[in-house]
Each structure stands twice: as structure tokens, then as C-alpha cells.
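Sequence lines, in order, name chains A and B. So in this note's numbering, spot 263 of the first sequence is number 263, and the numbers just go up one at a time. Just remember that this note's numbering sits 1000 ahead of the position in the second sequence, which is counted from 1. No residue lacks a Cβ here, since even glycine has one placed at the ideal position from N, Cα and C. Bear in mind the structure is a predicted one, so any value in this text is a computation, not a measurement. Heads up, the thing below is written out as C-alpha cells.
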Amino acid sequence: MTNRPIPLRRRFRGFTFTEVLFAVMILGIGFILIAAVLPVAIRQSRQNVDEQTARNLAGEALAKNKLVAKNVTMSPTGAAPAPWSVWEWGDLSGDHISTLDRRFQWHVLYSRAIGDPSAKVMVLVTRLPKEIGGSNVYQQSWLNNGANRPQIALADLTDGSPDTIKFTDAEMKERAVAGAYVVNSKSGDVYRLAALSGATADTWTLDPTSADIVLTSPTPNPSPFNVILLGAAPRDPTVAWDATTNPHEGPSQDIYLLPPQGISVP
Amino acid sequence: MNDMRMKLRRRSTGFTLVEVMVSLALVLLVLLAVNTIFRTTADTVGAGQALSGALRNQKALGTNLALDILGNSEDTGSGIAIPAEAPYILISSQRVSAFMNRQDELSDPDWASAADKDLRIRTIGGTATPVAIYNTRNHRVDQLSFFSKGSFTRQTADNGLVAPFVSPEAMIWYGHLDVYDGAGSETDAGSYPDPGDYPAAGNPNPDNFYASDWRLGRMAILMKDPVDAGGAVDHDGMILDANGLNQTHFYHKWVTPTALTVAGEELSPLSFSSAIGPPIDLNVTMPQSRYDLAGVSMVNYRARMKQVMTDMPLYEWWNNAVGGTHGRRFWCNPLVSGMGMNNSASMARTVGQLGRGSTQFMVEFAGDFVTQNPVDGKMTAATSDGILDFVVQDPTGVRIHSIRWYGFPRDVNGDGIITGSAATDADKAASVDVFPVRDFANGTQAFEKVVPVSTGADYVAAVGGLNPTDRYVCGWNPTQFDIAPNAPRPWMIRILATFTDRNGRLVDGLTQQYVFNLDRP
């Protein structure tokens, strides 16, 4: 066995220019990857602040509703067990947009049985995620427009593996988006949309943290069910809905949902 | 042979000029990229930390406020005392001019030579910021005092003792703290300048001058009647902890709530100048943050307040109560001096601090103070009507209805105007700005103890805006609480707090708003 000497040329040879260029290119990619992490960190910090703002606003909305709730403004939604409905702002019509940060507004759902001197309320805080209608904050003039508010809709609920929701109305199909909440009007259960599935991509699977869909037994309610779609994707409220020219698009407005709280209704 | 020579010659040559230049350019590019990445990373991490710090302070404040005002949800008897039990609620609002930080001060080098420091500080680019526009060299330093029920644990103790002591009642105070200047005696009031106090020879203010240094504080003075061996209330008795040891506490110098004593002792043991005892020791008083226990129960203190109000209707109780005056705040020394068992006093002065970098603390309220036209919202009578006061915008159009908030003047909708008392009834009815009840009711109310000078229809446009020394102090005591059924008292409290970063990494700081309901008729 003999050791073959390494040629002198190979032993003393440095990196070629091409090698150096490749090394620099790889270094550049590394820097880009590092830089890509930074916006994520900033976004996360901002998200934490927004969630805290939303929590405080939900508490504020609940406090205000407790003060102004009256029999005439929070009329019964039906016989016990009362279904859930969307509360109109009434005496708080100028209070639903946060004065601190106008990207945030709140909505109230409530359930009150006939003759019951109390009601259950849920507060949803939404955040405008993008500019719509030339504004990046909610406008008071949009108040009476249902475009970006909770909407009662019809949907097929399926208790399966996984549970799924399918909207029947065309606009609801279009405004539903991952992250949006759906409240079962009858039971008050809160579901959260996760991803589209199905052959025609019109059926939503639910987020694992959602409530399970449990259909009333032994006589299941007829499908479709009344549900309330909360937040969902925004659209320009100053122009009529059109799936092509003025669609709901972008991420969900939903940011925080305060679970049911009891309030008295004098 | 020639080939060999050629190879050797080539091996021994260096890089060409072009290769060196390209290499240098690449090295420069890499350095530039590294520098950019490191700087951006540092900025991002710094801003993230600043934001996290501000958010942490906000959460601490929100949690404490919720427990003190709303109470523990599992204990329905806790939270702010209802009017039938509360001795008083006191809101004292004021603004001070201050630089945000050192960089801000350096950008305005002529202020120190000007006689009117307040105006010089507020002057930016030749234009004075109106005192009613906040968070730019103009900051709100409100105070809030009230009584609460719950489970309050002592945070101070005598030297060498750890006192396991819990009381179900406390007087709560929120506001900015006076911070030790690091130069004078730790037991001298002159060593604790107020937020924004101008530094002077002999009175430095190194840690409480810039707004981004200010510390927001919360003090809970626990309340308990001293009890003697027989179990009866005894004004000079003892308050024992779980170990049976007597607790040093603020002492009241009256035998029964109805027995008046010498002037200056009416509100003991919860006046701002209350001292520990007995025997009375005037060297240890309430603002020193040394002790947090007062020898009186809430029911007895309320009876005391009521008696004082009855016997001395002109007595300015709010000036002597905790939280009624800007120049009277609790002390804070965030640095513990010395170690060991004998530094309880030093430790005690650290506990009131909720968070640093508090550039603003504002307290506002809503309630039923006037009667309004239900359609256009105009005030029709300066008396309560059982309906929460409200704002009506666009009364002839879509009619937007919202809750009306009162307090020290503040521009809420950012239109650069703050409605003043001389505005038309229609303008006032539609204004969402915050202003004193006096301006809407066309007259100062009994609970409005100190009101800002009203200068016209717009606080901002008026000459000089508000008077820099203006205050708005509202106090409700048993005399007002007991007016049934529609007593003009707050139904809601709104608190806005801003925390920022000392190094200017958060431009406007982080502001959060907290709204709480109080008991209503």
C-alpha cells in the first residue's frame, strides 16, 4: 500500500471565485431567513396588545350594557330555553366603536326567555384587519349597515368526525373565513371555523378548541339551523355586496369573544 | 521544464486586482448586511421588550383595578364599597407639563432659562401646546381614592417582623408616586419630589422629572377597629396579627365617631397627615408609605365622615383626605437601602409601585347628574332624573346616542376642540368630549369641590387653553351618598393609563382604557 502524494496544485489551491460567490449567496439566504423572523416577532407583540385592548373593550361593553339594559331594549328572544340573537345598540349606538382605538368595535349577542328578568349576553370584539371603503377604522356611518356585523344565517351542522358547518346562503358562504366564530342560535354553543373541505370546498371543519356539534336527540332539529356568524371577513359597507366587485375578503375581524355573562334586565 | 516553471510562477502569484476588488466589495456587502441585521434585530427586540413591559404594567394595573373595584367574582360582597357603606369617593384631576425623556429635553434647550417653565416646556417649535391636549409635554396625573371590600394582605411590617395579617376592608389609592431623589434624608418630604417637579439646587429630581420615569402607584391602607381584651371597640386598643402581636397602625384621636376633636384631626386616621400611635408619633405619617394599617373600620369611619360633614359643612375634607391634592402623594423609593431585618421601612417604600413609565393616568366618570331632553339631549334641569346622562349626535338625522363622560377637559374625538361652558346647549348636548359636570349643568354641583376656570366655548381655543394650575376635584361623601333615591353620584368610572419606554422605543406609549360599573340606585 502506498500513500499517493496530493498534487501540489491541489494542496495550495484557495477557494475559487465561484465557491466564494456561492458562500456569500448562502450567507445572504441565511440573513434573509433571520430577517424574516423579525416581522413575526413584531406581529406577535402587536397581537398581544390588540388582544388586551379587546379584552378591556369587552369588559367595557359589558359594563355599559348592564347599565342600559331594559325590558324594552332587550326584549325576550323566545320561550325558554331562549334562542340567541343579535342585540341592537339602542342607547349605545355611539358607543360601539372604541374611542381609544377605532379599529375595534363590539357587538352583543343575548338570550332572554319570555318573562325572565335577566338575560345572558356574549360580547364579541372585532378589529378591522384591513382598509375598506377608504377607511382603516370603523366608521359611525356604517352603523346601520349589516356588512361587517354579526349575521343570522342558515347552516347545515354535521356531528361527525370532524364536525362540519356548511352555509346555505351565498353571501354567508362568501363571508365565512377561517377564524370566524359561529354561534348556534338554539344552544348558544360557540364554534370556530378552521378550514374549508369537501369536494366543492364549501364545508368548514371546526377548530379543535371549538364546542362539539351535538344535535338534539332523540328528535334532531331540522337542518338547516339558525346560526350567527360573527365577524368574518369584511367588505366595503358603502357599496352593495357583490361576489365579484365588492366581496368579503381578507382575514376574520374576530379577535375576542367574552363568554356568556348574566345581567339583570329591569 | 518550461511547464514546471510556468506552474510555479502561477502558484506564487497573488490575487488579481479585480479579484481583490470584488472580494472587498463582497466583504463590504456582508458587513453591511450583518450590521443591518444586527441593528434591526436589536431594534426589534428592544421595541418588543418595551411593548411587553408596557403591556405587563397595563395588565398589572387592570388586574388590580378589577379586584379593587369589581371584587372577586366568587365573593359577591367584595369590590368597591356601595354608597350606603362607603365613607367617600374622591377623584382629583390635574395636568403637569413635562418632557418625555432626556432626548426630548435636549431638543428644547431654552426652557431652563425661561421664567415660565410650564409654558417653555409646552412650547414646541414656537407654538405652545394647549394644556388640554395631552401626552405631548402635557400629562395627566390624576388620583383616585375609594374604599373597597375583599381580602387585603398587609405589605408592610415593623422591623424584624413578618406580619400575617389580612383585612376585609381597605382604603385604596391610585396615582403617581413621589420618588426619592437619592440625595436628601429618606424620611424628609423634601426628598420626594412630585412627578414633573422642576429640579433646583438643593432639590434635585433625578428620577421623577421626565414623564417616562414616572411611577404609577397603588396603596391599600387596611382598615380594622382596634379591639381591647373585652372585645369592645377601643380607640387606643391594639390590632393583633395572627401571631398575637400588636400591629403599628395609623391612630385616630377621637373616642367615638361623633366626638369632634381639635382642628386638623377630623379625618384621622385616614387623613393625609395621619400619624401612627398610640402614643402618637408625628415622625411617621401616612404619605411615607411606611405602614398600611389604619385603626378604624369602614362603618365607623363612614360614621365619622358623616358627623364631620354634619358639624362642619364648610370643612374642605378633600384637601386633607388622601388623594385630594397634587402635592400630596405617597412616597416611593424603588431602591432598598441596606439588607437585613431592620430595613422594613425601606422595603415598605417599594411596595406601592405598580409600574414605571406611566406618562398618563386619567380618571373620568359617568352618572345621572342632570335631566335631559330625550330627543336632542339638551340639559333641561340640573337635577337627577334616574337616567344615565347621555350624548345625542345628529338628533335630526340618524340620532347617535352614547354615554356622557365627565372629568377634567379632554378632547375625545380628536377634532381639536373641547367643548366649554360657554358653548351653546346644542353643541354641549352633541359633544362627546369630556368636561366638568359644571359645564353641562350650567352651575357647579355640590360634589365638584374644585373646578377649572371656564374660559369660553372651547377650552383649547381659549387664551392659553386651561389655566396650567387648574384642577378638577370631585368628592362624594355620606352627605351626598345619602340623598335618595337619585343621588348625583358616579355610576361608572373610566380610567385611561399610558405606559411608555424611557428610551423612546414606544413613540406614543401604550394606552389602555378600563371601564367599571359602580353601584347605582
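query: Taking three-plus beta-carbon pairs below 8 Å as touching, is the stretch 1182-1193 of chain B in contact with the stretch 1140-1151 of chain B?; result: no
query: Can you list, in chain order, the residues of its chain with a C-beta nearer than 7 Å to that of Val1166 of chain B? Leave out the 5 residues immediately preceding and following it.; result: Ser1151, Phe1152 and Thr1153
query: Nearest-angstrom Cα distance between Pro218 of chain A and Val108 of chain A?; result: Per-residue confidence for Pro218 of chain A stands at a pLDDT of 48, beneath the threshold of 50, marking its modelled position as unreliable; the derived number appears in the next sentence. Computed Cα separation, rounded: 32 Å.
query: Report the neighbours of Val1398 of chain B on chain A: residues whose CB is nearer than 9 Å to its CB, in chain order.; result: Ser93, Gln140, Ser141, Leu143 and Asn144
query: Determine the burial state of Asn1300 of chain B: buried for a count of at least 16 other Cβ atoms within 10 Å of its Cβ, exposed for fewer.; result: buried
query: Can you list, in chain order, the residues of its chain whose CB lies under 7 Å from that of Met1 of chain A, leaving out five sequence neighbours each side?; result: The pLDDT assigned to Met1 of chain A is 47, lower than 50, so where the model puts this residue is not dependable; a value taken from the coordinates is nonetheless given after this. Once the five neighbours on either side are set aside, Met1 of chain A has no close Cβ partner at all.
query: Give a yes or no on whether 8 Å exceeds the smallest Cβ distance from Gly198 of chain A to chain B.; result: no
query: Counting only beta-carbon separations shorter than 8 Å, does Ser264 of chain A have a partner in chain B?; result: no
query: Measuring alpha carbon to alpha carbon, tell me which residue in A:Trp204, A:Ala80, A:Gly59 and A:Ile34 is nearest Gly160 of chain A.; result: A:Trp204
query: Ignoring anything shorter than 4 residues, give me the alpha helix (DSSP H) runs that lie fully in the stretch 1459-1495 of chain B, in order along the chain.; result: 1478-1481
query: Among the candidates B:His1139, B:Glu1169 and B:Ala1086, whose CA atom is the shortest distance from the CA of Pro1468 of chain B?; result: B:His1139
query: Given Ser1023 of chain B, which residues of its chain have a CB within under 8 Å of its CB, disregarding the five upstream and five downstream residues?; result: Phe1015
query: DSSP beta-bridge partners for Ala125 of chain A?; result: The residue you asked about is not Ala; residue 125 of chain A is Val in the sequence shown. Looking at the DSSP assignment, Val125 of chain A forms a beta bridge with A:Trp106 and A:Tyr256.
query: Which of helix, strand or coil does DSSP assign to Pro266 of chain A?; result: coil
query: Could you check whether the Cβ of Met1021 of chain B sits closer than 8 Å to any Cβ belonging to chain A?; result: no
query: Step through the CB atoms of chain B and report whether any lies within less than 8 Å of the CB of Lys120 of chain A.; result: no
query: In three-state DSSP terms, what is Tyr1301 of chain B?; result: helix
query: For Arg102 of chain A, which option in A:Ser118, A:Trp142 and A:Lys66 has the closest C-alpha, if you only look at C-alpha atoms?; result: A:Trp142
query: Please name the residue, chosen from B:Ala1050, B:Ser1093, B:Ala1066 and B:Ala1462, that lies closest to Arg55 of chain A on a Cα-to-Cα basis.; result: B:Ala1066
query: Looking at the unbroken alpha helix (DSSP H) that takes in Phe31 of chain A, where does it start and where does it end?; result: Phe17 to Val68
query: Could you check whether the Cβ of Thr209 of chain A sits closer than 8 Å to any Cβ belonging to chain B?; result: no
query: Is the CB-CB distance between Ala1170 of chain B and Met1238 of chain B below 8 Å?; result: no
query: With a cut-off of 8 Å on the beta carbons, I'd call Leu1260 of chain B and Asp1311 of chain B a contact; round off their distance for me.; result: 6 Å
query: Indicate the three-state DSSP secondary structure (helix, strand or coil) for Pro218 of chain A in the structure shown.; result: Low per-residue confidence applies at Pro218 of chain A: pLDDT is 48, beneath 50, and the placement is therefore not dependable, though the value from the model is reported in the following sentence. In this structure, Pro218 of chain A counts as coil in the three-state DSSP scheme.
query: Would you say Ala155 of chain A and Phe167 of chain A are within 8 Å of each other, going by their C-beta atoms?; result: yes
query: Indicate whether at least one CB of chain A lies closer than 8 Å to the CB of Gly1509 of chain B.; result: no
query: For a contact meaning CB atoms closer than 7 Å, what does Gly1062 of chain B contact in chain A?; result: Asn56
query: Please list the terminal residues of the continuous alpha helix (DSSP H) segment that includes Arg1438 of chain B.; result: Val1437 to Ala1441
query: Going by the beta-carbon positions, is the gap between Val1398 of chain B and Gly1377 of chain B smaller than 8 Å?; result: no
query: When you compare each of B:Gln1353, B:Thr1371 and B:Ala1497 to Ala1381 of chain B by their alpha carbons, which one comes out closest?; result: B:Thr1371
query: Given this structure, state the Cα-to-Cα distance separating Ile34 of chain A from Ser197 of chain A, to the nearest angstrom.; result: 34 Å
query: Please determine, among B:Leu1070, B:Val1034, B:Leu1090 and B:Ser1073, the residue with the shortest C-alpha to C-alpha distance to Trp1317 of chain B.; result: B:Leu1090
query: Using the rule of at least 16 other Cβ atoms within 10 Å of the residue's Cβ for burial, across every protein chain shown, is Met1219 of chain B buried or exposed?; result: buried
query: Quick check on the burial criterion: 16 or more other C-beta atoms within 10 angstroms. Buried or exposed for Arg1410 of chain B?; result: buried
query: Got a sec: is the Cβ-Cβ distance from Phe1435 of chain B to anything in chain A below 8 Å?; result: no
query: What are the boundary residues of the beta strand (DSSP E) that Ala195 of chain A is part of?; result: Val190 to Ser197
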